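J.:
Protein chains: 2
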Amino acid sequence: MDKSDITFERMRTFIRVAERGSLSAVAREFGVGQSTITRHVRELEEAVGVPLLSRTTRRVTMTAEGSRYYANSVQILRLVEQASDEARGTRGAPAGTIRISCTAAFGVLHVSRLIFAFQDRHPDIGVDLSLTDERVDLVREGVDIALRLGPLTDSSLKLRALGQSRRLLVASPDYLAARGRPVVPSDLSRHEGIRMSNVAGSETLALQGVGGERHTVPFAGRLRIDHGLAARQAMLAARGIAPAHRWLVDDLLAAGLLETILADYALPSVPLNMLIVPERAGVARVRLLVEFLAEQIAAIPGIEKSIPEH
Amino acid sequence: MDKSDITFERMRTFIRVAERGSLSAVAREFGVGQSTITRHVRELEEAVGVPLLSRTTRRVTMTAEGSRYYANSVQILRLVEQASDEARGTRGAPAGTIRISCTAAFGVLHVSRLIFAFQDRHPDIGVDLSLTDERVDLVREGVDIALRLGPLTDSSLKLRALGQSRRLLVASPDYLAARGRPVVPSDLSRHEGIRMSNVAGSETLALQGVGGERHTVPFAGRLRIDHGLAARQAMLAARGIAPAHRWLVDDLLAAGLLETILADYALPSVPLNMLIVPERAGVARVRLLVEFLAEQIAAIPGIEKSIPEH
DNA sequence: TAATATTATGCCGAATAATGGATAAGTCAG
DNA sequence: CTGACTTATCCATTATTCGGCATAATATTA
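Going line by line, the protein sequences match chains A and B. Numbering-wise (the numbering used here), the first sequence opens with residue 4 and increments by one. Numbering-wise (the numbering used here), the second sequence opens with residue 4 and increments by one.
#1: Give the DSSP bridge partners of B:Asn276, in chain order.
#2: Quick one: give me the first and last residue of the beta strand (DSSP E) that A:Ile264 is part of.
#3: Give me the Cα-Cα distance between B:Arg138 and B:Phe11, rounded to the nearest whole angstrom.
#4: So which residues on chain B does A:Phe11 lean against when the C-beta distance must stay under 8 Å?
#5: At which residues does the alpha helix (DSSP H) containing A:Asp254 begin and terminate?
#6: Is it buried or exposed, B:Gly305, if we count other Cβ atoms within 10 angstroms and call 16 or more buried?
#7: Could you work out which residues of chain A lie near B:Ser76, taking near to mean beta carbons separated by less than 8 Å?
#8: Write down the C-beta distance between B:His78 and A:Leu291 rounded to the nearest angstrom, noting that I regard them as a contact closer than 8 Å.
#9: Taking all protein chains shown into account, do 16 or more other C-beta atoms lie within 10 angstroms of the C-beta of A:Pro311, making it buried, or fewer, making it exposed?
#10: Compare the C-alpha of B:Gln299 against each of B:Thr263, B:Leu117 and B:Ile101 and name the closest.
#11: Does the beta-carbon distance from A:Leu275 to A:Gly166 come in below 8 Å?
#12: Any contact between the stretch 214-223 of chain A and the stretch 277-285 of chain A? By contact I mean 3 or more CB pairs, one from each, below 8 Å.
#13: If you run the structure through DSSP and keep just helix, strand and coil, what is A:Val130?
#14: Got a sec: is the Cβ-Cβ distance from A:Phe295 to anything in chain B below 8 Å?
#15: Using a Cβ-Cβ cut-off of less than 9 Å, list which residues of the stretch 281-294 of chain B approach chain A; keep chain order.
#16: For A:Glu195, name the three-state secondary structure that DSSP assigns.
#17: Please return the same chain residues whose Cβ sits closer than 8 Å to the Cβ of A:Pro154, not counting the five positions on each side in sequence.
#18: Going by alpha carbons, who is nearest to A:Ala297 out of A:Ile101, A:Arg163 and A:Ala241?
#19: Just reading off the alpha helix (DSSP H) that A:Leu291 is part of, what are its end residues?
#20: Can you tell me whether DSSP reads B:Ser159 as helix, strand or coil?
#21: Within the stretch 63-97 of chain A, note down every full alpha helix (DSSP H) run reaching 4 residues or more, in order along the chain.
#22: To the nearest angstrom, how far is the alpha carbon of B:Ala90 from that of B:Glu84?
#23: Using CA coordinates, which residue listed in A:Ala98, A:Tyr72, A:Ala67 and A:Ala50 is at the minimum distance from A:Val289?
#24: Taking 8 Å as the CB-CB limit, is A:Arg102 close to chain B?
#25: Contact between the stretch 187-196 of chain A and the stretch 221-236 of chain A: three or more CB pairs below 8 Å?
#26: Taking any Cβ of chain A, which residues in the stretch 240-265 of chain B have a Cβ under 8 Å from it, in chain order?
#27: With a CB to CB cut of under 7 Å and the five nearest residues on each side skipped, what residues in its chain are close to A:Tyr73?
#28: Examine chain B for any beta-carbon lying closer than 8 Å to the beta-carbon of A:Tyr178, and answer yes or no.
#29: Return yes when the Cβ of B:Phe121 is within less than 8 Å of the Cβ of B:Phe295, no when it is not.
#30: I'd like the list of long-range same chain contacts for B:Thr16, defined as Cβ closer than 7 Å, with 5 residues on each side in sequence excluded.
#31: So which of A:Gln236, A:Leu172 and A:Ile101 has the shortest CA-CA distance to A:His125?
#32: Scan the stretch 217-250 of chain A and note each continuous beta strand (DSSP E) run of 3 residues or more that stays entirely inside, going in chain order.
#33: Looking only at its chain, what residues have a beta carbon closer than 6 Å to the beta carbon of B:Val114, apart from the 5 residues adjacent to it on each side?
#34: From A:Gln315 to A:Arg71, what does the alpha carbon distance come to, in whole angstroms?
#35: Anything in the stretch 38-58 of chain A with a Cβ closer than 9 Å to a Cβ of chain B? List those residues in chain order, please.
#36: Since B:Pro246 contacts B:Leu270 with CB under 8 Å, what's their CB separation in whole angstroms?
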């Protein structure tokens, strides 16, 4: 291994640096020293023979040559993986690591469990599960798969619809005992609402009656939360009424810790999609996990077959 | 660099072992310890997850998976090279190493000189020049380009015709003084012939007169040589008459150390071809050398434009 | 302008990996 | 059956890599 030889590791480092635009960020991400990143990039440039990254002290951008080399490198690394997959093909189990991004609450309550089951079936597949409610740039973060709730903005990604997430109005028995139980939509205006700050239009609720009639009622309250699990805590603590995804509260409903309000009125469902980075969609283990998640998630109570209905 | 990670080096080792069918042979070729080769192959197999080579103590063959992986690996390494070439493209000089195989005499007298000139123009390109009169398996020996004199057997290789190598009957003045100068083809039967043992049909000579008439005369002598340069020595030492490629003796003719015999009768020319391993034909430096050699060799006295004439 | 963050570089001790040789075991040819 | 050659494995030595730190230079931001 000559000091100036092209290496997968150096190539990977370069790719990541090109994507993130920062040496130190990649150093932190990889958990290695910053000098190592500098060294790897320099060594790769020496091996290739031209500067690949144009680095100022504040930003790292690709040179024209680097841009070409980046595209080729990505393709090469993909081929390397596919070669392994293909060789394993008949014999042996798929292996490698998948990076998956998901909203925090759904991840904690469901995806994590599914991932555990997946890894039981495929012991050689590593999974890097990133739970955050922030919209991440999949490519930038090196993610293979993302689960997204709600309307989509991103587009260059492969999409797989998983269904519609049913939402319910819920509250704790304590709260209902104290404040009374709403019977018609307009009753809500006299109640305390727990709102999700990261959901657009949380100031009103659109309810649809069994007959199809629509009610739009104001929805207010003293508590706004941007994290599903914290909202769950708030519901349990009798802080008010919340429009909750069924997957968020199903166990609590079953245990009698929460109750459904205005069950005859439907809240708009929210589409649940899986986004797949196209370059990784061909990798065997990614395909496996995609299929597995699609199947398992469809079986989660509250996830309905995808026929947009609101 | 984890111990069980896929590495270009391990990949290269595997490819070479697969091609040669022997670990120790590759160890010798690479100039490393035999245990290193064993280790590299084992590590690659661990990284991929399936056995790639089926090894007995006497022979190494690819498994079915290994065969697939081999094809992919070759493609990957080629892409790696092309990526560097492409990145260098605009800026910088091509670099890397080319391995070229050539017959010994032609190599010593001409190709080596051309290679030196080529390297003067392209300081970053390394050349591994292998001079032997044995027909080598280009892929097996890891050769990029081969120069071949005479009819071709191999076929899966890209072919570039360089021309026809003119041959002459020559002898030293001393010899001619001692034995007389042949005037008509039949005179040859009374002379001492220096024959090339590695040329088929060296027991007779086919001469074509200026009028187009053909003469086939026996050609015999006490000396057979399988090396062009040794034949050159033999001619100089007045050992007899030889049918020699013009490029082999041009300098000696010019210096008056040899003379042409029966100049009005033509010997069949021999095709001179360049064979290029297709996988390497796309690499920039290989293309460069191919063009350079094609141009320069065409300018060597005795190499005529390719219109098969015999 | 000052403060801050980022990159380039050198150095060093520690950890890690690579190396080649020796040995054992196995296979093929004669 | 023997000899020659090949591969697998172990082991001690050697080489390399790594991370962190310090420093300098530089650009962005306040």
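Positions of the beta carbon are idealized from the N, C-alpha and C atoms, including for glycine. Note that the structure is predicted; figures quoted are calculated from it, not measured.
T.: So, from the listed chains and residues:
#1: B:Arg151 and B:Ala164
#2: Glu262 to Ile264
#3: 30 Å
#4: Asp8, Ile9, Thr10 and Phe11
#5: Arg249 to Ala257
#6: buried
#7: Ala86
#8: Per the sequence shown, the amino acid found at residue 78 of chain B is Gln instead of His. That belief does not hold up - the Cβ atoms of B:Gln78 and A:Leu291 are roughly 25 Å apart, past 8 Å.
#9: Reliability fails at A:Pro311, whose pLDDT of 47 lies under 50, so the model's placement of it is uncertain and the value that follows must be treated cautiously. When all chains shown are included, A:Pro311 counts as exposed.
#10: B:Leu117
#11: yes
#12: no
#13: strand
#14: no
#15: none
#16: coil
#17: Pro274
#18: A:Arg163
#19: Ala287 to Ala301
#20: coil
#21: 67-91
#22: 10 Å
#23: A:Ala98
#24: no
#25: yes
#26: none
#27: Ile18, Ala21 and Met65
#28: no
#29: yes
#30: Val29, Ile40, His43 and Val44
#31: A:Ile101
#32: 217-221, 226-228 and 245-248
#33: Cys105
#34: Given a span of 4 to 313 for chain A in the structure shown, any question on residue 315 of chain A remains unanswerable.
#35: Ala50, Val51, Gly52, Val53, Pro54 and Leu55
#36: 5 Å
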